[in-house]
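Numbering of the sequence shown is given in the working numbering, commencing with residue 329 and proceeding in unit increments. Right, one structure below, let's go through it.
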Amino acid sequence: MRFASVDALAAWEDVDQGIYPVSPKTMRKHIDLMHGGGYRAFILSVEYLRNHNATSTARSSVEAAIRQGLEREAAAILEMTNRYLDLMKRMRNLAENNPSAMVQLKHHLRIFGDEHPHLTRVK
């Protein structure tokens with residue numbers, strides 16, 4: 329699967345695989361945590377895959393495997409970010425009327441902060 333822009337990637341939806349769209353702004357905000365090297369490295373990787381012409385079958389299969397890995401990684405990271413943000417929104421709504429939920433939310437925010445989802449790249 330190829331994406332012409334970051335907006336197209338952010339809008340990607342494949343419910344069968346559990347992939348839901350996020351806003352391009354959300355994706356750009358969290359791409360530094362999603363892709364090693366951040367947004368600039370992500371764009372360079374996409375451009376490399378888009379413009380690089382493979383000359384041999386072996387090279388093509390390796391690039392296809394890398395491309396598939398990058399697509400799966402990007403999809404998984406975007407999905408988990410979306411789920412985390414949705415869960416935090418639901419927890420905040422629940423905490424408004426539930427003191428025990430408020431305690432748990434404050435505990436979570438004290439440990440992880442409230443700036444962004446704490447996702448790290450796992451190899």
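From the three backbone atoms N, C-alpha and C, an ideal C-beta is built for every residue, glycine too.
- Beta-bridge partners of ASP342 (DSSP): ILE347.
- Taking 7 Å as the cut-off, the beta carbon of VAL334 is found closer than this to the beta carbon of PRO352.
- Residues of the same chain with a CB within less than 6 Å of the CB of ASN410, apart from the 5 flanking positions on each side, are TYR348 and VAL350 in chain order.
- Between the region 423-436 and the region 387-394 there are fewer than three inter-stretch CB-CB distances shorter than 8 Å, so the stretches are not counted as touching.
- With fewer than 16 other Cβ atoms inside 10 Å of its own Cβ, PHE440 counts as exposed.
- Sixteen is the threshold: when 16 or more other Cβ atoms of the shown chains lie within 10 Å of the Cβ of ILE405, as they do, the residue is buried.
- Just so you know, the alpha carbons of SER373 and MET416 end up roughly 31 Å apart.
- With 16 or more other Cβ atoms inside 10 Å of its own Cβ, ALA338 counts as buried.
- Separation of the CB atoms of GLU407 and GLY346 is rounded to 6 Å, and the pair is thereby assigned contact status at 8 Å.
- When secondary structure is reduced to three states using DSSP, ASN426 falls in the coil class, being assigned neither helix nor strand.
- Boundaries cannot be given for HIS363, as no alpha helix (DSSP H) includes it and DSSP labels it neither H nor E.
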